[in-house]
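Per this note's numbering, the very first residue in the sequence shown carries number 347; after that it's consecutive.
Heads up, the beta-carbon is just placed ideally off N, CA and C, and yes, glycines get one too.
Quick caveat: nothing in here was measured; it's all calculated off a predicted structure.
Report on one structure; see the data block that follows.
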Amino acid sequence: SVRPDRRLPAANVEPFAYLKDVLTRIAAHPVKDLAALLPNRWKPAAV
347 SVRPDRRLPA
357 ANVEPFAYLK
367 DVLTRIAAHP
377 VKDLAALLPN
387 RWKPAAV
């Protein structure tokens, strides 16, 4: 089982929050800027 305190180690990002955000944004995200969605460069979408 996955522990809730697990993080993506290189970026110290909570995996569920990261995937949820990226999967909702990726279709509308510019192809030239996809690197911004990598875990080490990712910033959560503004609410």
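Put simply, the backbone Cα of Pro361 is about 9 Å away from that of Pro385. Taken atom to atom, the span from the alpha-carbon of Lys378 to that of Trp388 is near 15 Å. In the DSSP assignment, Ala363 falls within the alpha helix (DSSP H) that extends over Pro361 to Arg371.
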